[in-house]
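Position in the sequence shown (first residue = 1) + 166 = my numbering. Working notes for the structure below.
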Amino acid sequence: MGFVLWNIIQQKAARHNGRSFGTGGRIYQVINERKQVCIAMSSVKERFLRYVQVETTSCEANENCPSTLGQKVLGEMLATEMREMGIADARMDEDGYVYGSIPAKGAECAPAIGLIAHMDTSDAVPGATSPQVIPAYDGGVIRLKNGLEIAGFDFLPALKGQELIVTSGDSVLGADDKAGVAEIMTLCERMLEPDAPDHGRICVAFTPDEEIGRGADRFDIRGFGADFAYTVDGGALGELEFECFNAASCVVRVRGINIHPGSAKDQMINASLVAMEFAGMLPPWERPEHTEGYEGFYHLRGMSGDEETAELQYILRDHDRTKLEEKKAMMTAAGEMLNRRYGKGTVSVELKDSYRNMKEIVGQYPEVIERAKNAFTDNGVEPIVQPIRGGTDGALLSFRGLPCPNLSTGGYNFHGRKELIPVPAMEKMVGVLETLVRS
Ligand SMILES: [Zn+2]
Numbered sequence: 167m168g169f170v171l172w173n174i175i176q177q178k179a180a181r182h183n184g185r186s187f188g189t190g191g192r193i194y195q196v197i198n199e200r201k202q203v204c205i206a207m208s209s210v211k212e213r214f215l216r217y218v219q220v221e222t223t224s225c226e227a228n229e230n231c232p233s234t235l236g237q238k239v240l241g242e243m244l245a246t247e248m249r250e251m252g253i254a255d256a257r258m259d260e261d262g263y264v265y266g267s268i269p270a271k272g273a274e275c276a277p278a279i280g281l282i283a284h285m286d287t288s289d290a291v292p293g294a295t296s297p298q299v300i301p302a303y304d305g306g307v308i309r310l311k312n313g314l315e316i317a318g319f320d321f322l323p324a325l326k327g328q329e330l331i332v333t334s335g336d337s338v339l340g341a342d343d344k345a346g347v348a349e350i351m352t353l354c355e356r357m358l359e360p361d362a363p364d365h366g367r368i369c370v371a372f373t374p375d376e377e378i379g380r381g382a383d384r385f386d387i388r389g390f391g392a393d394f395a396y397t398v399d400g401g402a403l404g405e406l407e408f409e410c411f412n413a414a415s416c417v418v419r420v421r422g423i424n425i426h427p428g429s430a431k432d433q434m435i436n437a438s439l440v441a442m443e444f445a446g447m448l449p450p451w452e453r454p455e456h457t458e459g460y461e462g463f464y465h466l467r468g469m470s471g472d473e474e475t476a477e478l479q480y481i482l483r484d485h486d487r488t489k490l491e492e493k494k495a496m497m498t499a500a501g502e503m504l505n506r507r508y509g510k511g512t513v514s515v516e517l518k519d520s521y522r523n524m525k526e527i528v529g530q531y532p533e534v535i536e537r538a539k540n541a542f543t544d545n546g547v548e549p550i551v552q553p554i555r556g557g558t559d560g561a562l563l564s565f566r567g568l569p570c571p572n573l574s575t576g577g578y579n580f581h582g583r584k585e586l587i588p589v590p591a592m593e594k595m596v597g598v599l600e601t602l603v604r605s
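Structural data, given as structure tokens:
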């Protein structure tokens, strides 16, 4: 892409995000000048360091797709790099989804395997990343540039001696999921080399807005063309996930009766207090702060109210679909009980299903899971099979007909300023992906 177009997109992104890109302009300029050199033979680390410098924080309040223009900047960068490495059909569509494929080589009958990563980063902390490289971690406390310390995490001792990439302490790193993007891009480059192993068709996609739950919404499954796929969006090296929550949301609305407190006796129904009563009827041990593993929960996300009206916003989660249905029934029952106590129409309970446990679908394709397990073990990595206490794009794609478990990226502490990723883990993941797509 030429300088002028690059700068226009960057300025648009700056306006869209409502903040100045004062130093960002220089970064893009440097990226552009170095691009030809970098693309010639780019290691996964070099790619990662370039991608995280493009700010792609998604924005829930924006209905557009993608929700922020920075994602299109990265998308265009990726599509261009893909074409330059020889992926002829690489393209970004108007919604910011990037697609491309590598034709089968010596294994035309092998299944077409998809690899997917997302380009946006969480808005939990700022996204203008200045990554810092620690050439050889000494095993002690990591002091970030702004003084913030990384210490006390169980995984740290095992990383001693490794090259780590951390943040300056002022932003998210964006290994979630630009590590996945960099690993897939590096694999593509490898599979286009003359001595690449035989493989079936490899389909690649980079999606926008995963962090705000919209990554699968406009995904073109038919155009993607894979028989099954993997998202590369997990944490520690070896993570393999194909179970997620079943999810629903619930809004509880309370209508009270307000009367001057001086003459309220036997007349007032205080909506805020009825809402508190509702909250008190749910089992306190089934809250996120008291649950782990396969235990589901009721989570109060927000509340508002006065004497006349009150509202509670919940999310309900459970890996077991029957148990989620029980939780939904519990919400309805609590509302009915309060209506008997305070009168019909006092409490209304609105339930909405969000996503379902992908195990229902992926479980029907054990060979997809076995393939991933073998890819890890063949590369000397012990697979860590665990349920996700959340959802993924893969869950939605699975229910739309594309079985899609989730693989590790190698990173830690996602969505925070203490996010980090060891370079050897990213390099190992490129090897795992190569084994995965090999016929
Ligand atoms: Zn992610």
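Quick reminder that beta carbons are idealized off the backbone N, C-alpha and C, glycines included. Small disclaimer: the values here were computed from a predicted structure and weren't measured.
Practice task
May I have the straight-line CA-CA distance separating residue 541 from residue 334, to the nearest angstrom?
Solution key: 34 angstroms
Problem - Residue interval of the beta strand (DSSP E) (run including residue 447) - result: From DSSP, residue 447 is part of no beta strand (DSSP E); its letter is neither H nor E.
Problem - Sheet register partners of residue 475 (DSSP bridge) - result: 421
Problem - Among 424, 473, 414 and 442, nearest to residue 462 - alpha-carbon criterion - result: 414
Handout entry: Pair within 7 angstroms by beta-carbon distance, residue 473 and residue 412
Key = no
Problem - Own chain, CB closer than 7 angstroms to residue 512, minus 5 neighbours either side, in chain order - result: 420, 421, 435, 440, 504 and 505
Practice task
Measure the alpha-carbon distance for residue 327 versus residue 307 and round it to whole angstroms.
Solution key: 13 angstroms
Exercise for the section: Answer with buried or exposed for residue 530, where buried requires no fewer than 16 other C-beta atoms within 10 angstroms of its C-beta. Expected result: exposed
Handout entry: Contact the region 357-371 vs the region 341-348: 3+ CB pairs below 8 angstroms
Key = no
Problem - Pick from 382, 569 and 593 that is closest to residue 546, judged by C-alpha positions - result: 593
Handout entry: Range covered by the beta strand (DSSP E) that runs through residue 290
Key = No beta strand (DSSP E) holds residue 290; DSSP gives it neither H nor E.
Exercise for the section: Classify residue 507 as buried or exposed, calling it buried when 16 or more other Cβ atoms lie within 10 Å of its own Cβ. Expected result: exposed
Problem - CB-CB length for residue 494 against residue 517, believed under 8 angstroms - result: 5 angstroms
Problem - Residue of 588, 395 and 480 minimising C-alpha distance to residue 558 - result: 395
Practice task
For residue 405, write down the residues that DSSP places opposite it in a beta bridge.
Solution key: 550
Handout entry: Distance between beta carbons of residue 598 and residue 569, contact taken as under 8 angstroms
Key = Residue 569 to residue 598, Cβ: 18 angstroms. No contact.
Practice task
Return yes when the C-beta of residue 399 is under 6 angstroms from any heavy atom of ligand 1, and no when it is not.
Solution key: yes
Practice task
Sort 263, 536 and 538 by Cα distance to residue 380 and report the nearest one.
Solution key: 263
Exercise for the section: Confirm the yes/no value for this check: CB of residue 255, any heavy atom of ligand 1, distance under 6 angstroms. Expected result: no
Practice task
Just list the alpha helix (DSSP H) runs in the region 316-366, keeping only unbroken ones of 4 residues or longer that don't cross its boundaries, in chain order.
Solution key: 341-357
Practice task
Answer yes or no: the CB of residue 342 versus the heavy atoms of ligand 1, is any distance below 6 angstroms?
Solution key: yes
Handout entry: Straight-line gap, residue 292 to residue 336 (C-alpha atoms, nearest Å)
Key = 7 angstroms
Problem - Residues of its chain near residue 417, where Cβ-Cβ distance is below 6 angstroms and the 5 sequence neighbours each way are ignored - result: 479 and 516
Handout entry: Neighbourhood of residue 387 by C-beta, 8 angstroms cutoff - its chain only, sequence neighbours within 5 removed
Key = 563, 566, 567 and 568
Problem - Under 7 angstroms between C-beta atoms of residue 301 and residue 260 - result: no
Handout entry: Contacts around residue 466, its chain only, beta-carbon distance under 7 angstroms, and the 5 residues preceding and following it disregarded
Key = 445, 478 and 480
Problem - DSSP-derived helix/strand/coil call for residue 559 - result: helix
Practice task
Work out the CA separation of residue 581 and residue 226 for me, nearest whole Å.
Solution key: 15 angstroms
Exercise for the section: State yes or no: is the C-beta of residue 625 within less than 7 angstroms of the C-beta of residue 265? Expected result: It is not possible to answer for residue 625, since the shown part of the chain is limited to 167 through 605.
Exercise for the section: Tell whether a beta-carbon distance below 7 angstroms holds between residue 278 and residue 366. Expected result: yes
Problem - Alpha-carbon spacing of residue 469 relative to residue 476, whole angstroms - result: 7 angstroms
Practice task
Count the other CB atoms, across all protein chains shown, that sit within 10 Å of the CB of residue 588; report buried if there are 16 or more and exposed otherwise.
Solution key: buried
Practice task
Let me know the secondary structure DSSP gives residue 307 once reduced to three states.
Solution key: coil
Exercise for the section: Provide the residue(s) that pair with residue 465 in DSSP beta bridges, ordered along the chain. Expected result: 481
Exercise for the section: Rank 524, 320 and 245 by C-alpha distance to the C-alpha of residue 579 and give the top, closest one. Expected result: 320
Exercise for the section: My understanding is that residue 235 touches residue 220, with C-beta atoms under 8 angstroms, so please give their C-beta distance in whole angstroms. Expected result: At roughly 11 angstroms, the Cβ-Cβ gap does not stay under 8 angstroms, so residue 235 and residue 220 are not in contact.
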